[in-house]
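Undergrad:
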Amino acid sequence: MKVLQFSLSTLQFHNTTLEDKYQEYILEEKLTFFKLLMSITILNTLVSLFRSIIEGWGTFLIISLSVQTALYFITLLFSRKISPYLKYILPLLYVVQYTFFIIGALNNLLQPHYVYGFLGGIFSCCMLNYLSVKIKIVILLSSIWILLGIFRIYSLFNINYILLGIGATSLQMFSAYIFEYNSRLYFSQGMIIKQQINLMYEFTSQKILIVSFNKNKTFFELDFVNQKFDSFYKIENNQDKVKEFLRNHFIINLATHQMFGSLKVQKFANKQITLEDLLFEKYRAQNNFLEQSNSFQIIDQNKNKNEIQVQIINGLKTLFLIIIKENNNDIQIEKYEKKMQMINNLSTNFSILVGSKLQSIYKSIFDLEIYQYETQALNKIQGSIQYILNESKNQLMFFSQNKIHQLIDRCLLSTFILALKPYLIYQCQQSKIQFELLFQMDKDNVQMKINIKQLTQILINIFNKILIYSQSNSTILLRISKEYNLNPLSNSQQKQSSSSKYDYLCSSQDNSQILINFNFLFKTDDEINNFERCFINKDNELEQKDDLITIVNSYIIKQLSPYNKIFIIQEKISRSQNNTLKFYIYSDQTQIDPSYCKSIKQQNIID
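Under my numbering, think of the first position of the sequence shown as 232, with each following residue one higher.
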């Protein structure tokens with residue numbers, strides 16, 4: 232059961248704004264009733280005025296009727312302007328009318344009592360419907376007792392009139408309640424339907440058209456069209472454009488079981504069946520079919536094909552709901568073409584990069600003299616080769632990450648860093664940046680059990696990206712330290728859900744696990760918004776050329792780091808921006824999870 236928008240006891244809307252809108256809505260009905268009442272009153276006073284002149288009722292009565300007629304006529308002319316005050320005028324008129332009928336009955340101006348009372352009751356009941364709820368209650372509870380008191384009917388002899396008056400008043404109260412209830416219910420349901428139509432117009436994703444058949448004019452009328460349909464076919468609530476749409480779209484590939492009526496004849500005569508023909512035959516055969524939905528293929532004059540769904544809805548009138556289904560093939564093709572174009576560009580750029588680096592290697596080797604080993608030239612060769620190998624690994628991991636197995640290597644952390652240091656120094660020299668290494672750990676005792684290739688790859692990727700943003704002639708500091716708390720972010724609001732699987736390491740006393748902190752300190756010219764997005768891409772969406780490396784970084788971080796992210800702190804100092812980038816890894820990946828070193832299956836990002 233739906234909840235009513237108004238109270239059953241007070242008949243007031245719970246929402247004050249809705250109550251104000253209802254008063255605006257009912258004001259139009261009050262104004263129409265007021266104009267009709269004034270017209271009847273003017274007609275009545277004019278007849279009385281003519282009679283008074285002909286029969287000579289007296290100068291005072293003639294002037295009184297003339298003034299009343301003029302006032303009523305002026306009120307009718309300016310009824311629109313005084314409409315905001317009808318809530319005060321109608322109760323006043325009710326009291327005046329009530330008083331007038333009582334005086335007329337007391338004076339007994341030769342009117343038949345039954346007719347007089349009947350007419351008075353009609354006027355009272357009609358006017359009562361357009362009074363406010365509170366005034367209705369006051370009038371209904373007091374009028375009967377005032378009436379019985381004025382006519383002195385309070386006696387045991389007239390008990391039947393008293394009971395009849397109470398019963399009639401009770402019926403009038405019930406009738407007034409039902410009228411107000413239905414009026415407010417009609418208004419509230421109309422508001423709900425209007426909101427639903429507006430939502431359907433704006434937010435439905437498919438093209439929707441609703442038409443109905445007009446028996447008198449023998450054509451289909453527009454009942455509803457949503458925004459998407461209107462913007463595409465430019466209907467604009469124009470009946471002629473609706474006819475044009477129905478007559479310019481033809482049914483193709485109509486199945487035999489879908490033919491009925493004249494459709495069989497048209498099909499046999501090779502005549503094109505329009506959408507209007509189909510709807511008309513469905514309308515004629517609607518008694519033979521329940522509410523059903525059928526799909527058809529249509530084609531317009533420009534040979535554009537679409538699939539439509541026609542639903543018959545039987546209610547107050549027969550409606551035809553027409554839904555034009557979207558052709559998602561073109562959208563999917565465009566999406567994949569765009570992605571393939573991006574991949575093609577990446578492959579081309581990679582080939583250009585490899586070619587330029589190989590050319591640089593060839594030139595460096597060519598410049599070397601036989602039996603002469605120049606350290607700087609060899610470092611340049613090693614740096615270029617390392618760069619190419621790392622980019623190749625990024626490409627391989629991007630396209631084949633769901634096939635990569637975790638391979639654990641054993642080595643000392645110090646040995647690993649010293650092997651990587653020449654590459655870092657060489658790349659800094661190429662960018663005119665200083666490099667410093669601060670190793671804050673026991674060099675001999677840090678035994679690593681980790682995928683060294685992936686660790687090398689993530690360090691080089693991050694370092695290469697830092698070089699892009701770093702200031703010229705600045706210094707990049709790589710600080711490697713040990714965290715004594717195996718889960719340092721356990722009490723932080725930044726804790727990620729992925730860190731929970733490492734919590735048990737903190738309670739273990741017999742393991743040799745070490746949490747290593749790789750910390751890069753560097754300077755940039757300005758603060759960079761969403762700086763973390765420049766290094767890792769958690770969305771795995773390939774939209775820009777740099778996204779390939781950030782997606783690969785995100786994948787490696789998930790394998791090696793307990794927090795699945797990197798942390799960046801930016802501080803404004805003088806005219807430069809100091810930046811701290813850090814990420815964590817455990818020295819022994821084999822202790823983390825028994826299934827961790829197995830093949831990690833993830834959905835391919837280009838699927």
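All C-beta atoms in this analysis are idealised placements derived from N, C-alpha and C, irrespective of residue type, glycine included.
Does the Cβ of residue 315 have 16 or more other Cβ atoms within 10 Å, making it buried, or fewer, making it exposed?
TA: To locate residue 315, count along the sequence shown from 1; it is residue 84. Exposed, by the Cβ-count rule.
Undergrad: On the three-pair Cβ rule with 8 Å, is the region 503 to 514 touching the region 542 to 553?
TA: As far as the Cβ criterion goes, the region 503 to 514 touches the region 542 to 553, which means the pair count is three or higher.
Undergrad: Put residue 463 into one of helix, strand or coil per three-state DSSP.
TA: Here the question's residue 463 lines up with position 232 in the sequence shown. Helix, per DSSP.
Undergrad: Should residue 327 be labelled buried (16 or more other beta-carbon atoms within 10 Å of its own) or exposed?
TA: Reading the sequence shown from its first residue, position 96 is the one you call residue 327. Result: exposed.
Undergrad: Kindly indicate which residue of 618, 764 and 663 has the alpha-carbon position closest to the one of residue 695.
TA: Within the sequence shown, the letter at position 464 stands for residue 695. That would be 618, whose Cα lies nearest to the Cα of residue 695.
Undergrad: Is the beta carbon of residue 692 closer than 9 Å to that of residue 784?
TA: Start at 1 with the first residue of the sequence shown, and residue 784 comes out as number 553. Start at 1 with the first residue of the sequence shown, and residue 692 comes out as number 461. The answer is yes: Cβ separation under 9 Å.
Undergrad: For the region 665 to 699, which segments carrying the beta strand (DSSP E) assignment without a break, of at least 3 residues, lie completely within its bounds, in sequence order?
TA: Here the runs fully enclosed are 665 to 671 and 678 to 681.
Undergrad: Excluding the 5 residues preceding and the 5 following residue 801 in the sequence, name in chain order all residues of the same chain whose CB lies nearer than 7 Å to its CB.
TA: Working through the sequence shown from its first residue, we reach residue 801 at position 570. These residues qualify, in order along the chain: 758, 762, 808 and 810.
Undergrad: DSSP on residue 455, reduced to helix/strand/coil?
TA: The residue you call residue 455 lines up with position 224 of the sequence shown. Reduced to three states, the DSSP call for residue 455 is strand.
Undergrad: Which term fits residue 407, buried or exposed, when burial requires 16 or more other beta carbons within 10 angstroms of its beta carbon?
TA: As a first step, residue 407 is located in the sequence shown; it is residue number 176 there, counting from the start. Buried: at least 16 other Cβ atoms inside 10 Å.
Undergrad: Per DSSP, which residues does residue 809 bridge with? Please list them.
TA: The count along the sequence shown starts at 1 and reaches residue 809 at position 578. Note: residue 809 sits in a beta bridge opposite 754 and 802.
Undergrad: Can you tell me which of the three DSSP states residue 417 falls into?
TA: Position 186 of the sequence shown, counted from the start, is the residue given in the question as residue 417. The answer is helix: DSSP assigns residue 417 an H, G or I state.
Undergrad: Go ahead and label residue 611 buried or exposed: buried means 16 or more other beta carbons lie within 10 angstroms of its beta carbon, across all protein chains shown.
TA: Position 380 of the sequence shown, counted from the start, is the residue given in the question as residue 611. Burial call: buried.
Undergrad: Between 644, 673 and 514, which lies nearest to residue 442 when the distance is taken from Cα to Cα?
TA: Position 211 of the sequence shown holds residue 442. Among 644, 673 and 514, the Cα nearest to that of residue 442 belongs to 514.
Undergrad: Check whether the region 432 to 439 and the region 262 to 280 touch, using three or more Cβ-Cβ pairs below 8 Å as the test.
TA: The region 432 to 439, when compared against the region 262 to 280, does not touch it at the 8 Å Cβ threshold.
Undergrad: In angstroms, rounded to a whole number, what distance separates the CA positions of residue 451 and residue 555?
TA: For the purposes of this step, residue 451 is taken as residue 220 along the sequence shown, with counting starting at 1. For the purposes of this step, residue 555 is taken as residue 324 along the sequence shown, with counting starting at 1. Taking the straight line joining both Cα atoms gives about 18 Å.
Undergrad: Go ahead and label residue 415 buried or exposed: buried means 16 or more other beta carbons lie within 10 angstroms of its beta carbon, across all protein chains shown.
TA: Indexing the sequence shown from 1 puts residue 415 at position 184. It is buried - the Cβ of residue 415 has at least 16 other Cβ atoms within 10 Å.
Undergrad: Within its chain, find whatever has a CB closer than 8 Å to the CB of residue 747; leave out the 5 residues flanking it on each side and keep chain order.
TA: Counting from one through the sequence shown, the residue named residue 747 turns up at place 516. Contacts found: 644, 672, 677, 711, 712, 713, 714, 815, 816, 817 and 818.
Undergrad: Give the straight-line distance between the Cα atoms of residue 822 and residue 781, rounded to the nearest whole angstrom.
TA: The residue given as residue 822 occupies position 591 in the sequence shown. The residue given as residue 781 occupies position 550 in the sequence shown. Whole-angstrom Cα-Cα distance: 27 Å.
Undergrad: Among the candidates 304, 615 and 255, whose CA atom is the shortest distance from the CA of residue 275?
TA: In the sequence shown, residue 275 corresponds to position 44, counting from 1. Looking at the Cα atoms, 304 is the closest of the given residues.
Undergrad: Would you mind reading off the limits of the alpha helix (DSSP H) that contains residue 306?
TA: Stepping through the sequence shown from its first residue, residue 306 is reached at position 75. From DSSP, the alpha helix (DSSP H) with residue 306 extends over 290 to 308.
Undergrad: Please name the residue, chosen from 639, 533 and 753, that lies closest to residue 684 on a Cα-to-Cα basis.
TA: The residue labelled residue 684 in the question sits at position 453 within the sequence shown. Cα-wise, what sits closest to residue 684 is 639.
Undergrad: So the beta strand (DSSP E) residue 265 belongs to, where does it begin and stop?
TA: As a working mapping, residue 265 is identified with position 34 in the sequence shown. Not the beta strand (DSSP E): residue 265 falls in the alpha helix (DSSP H), residues 247 to 286.
Undergrad: From the DSSP output, in three-state form, read off residue 538 for me.
TA: Here residue 538 refers to the residue found at position 307 of the sequence shown. In this structure, residue 538 counts as strand in the three-state DSSP scheme.
Undergrad: Going by DSSP in three states, residue 645 sits in which element: helix, strand or coil?
TA: As a position in the sequence shown, residue 645 is number 414, starting the count at 1. Three-state result, residue 645: helix.
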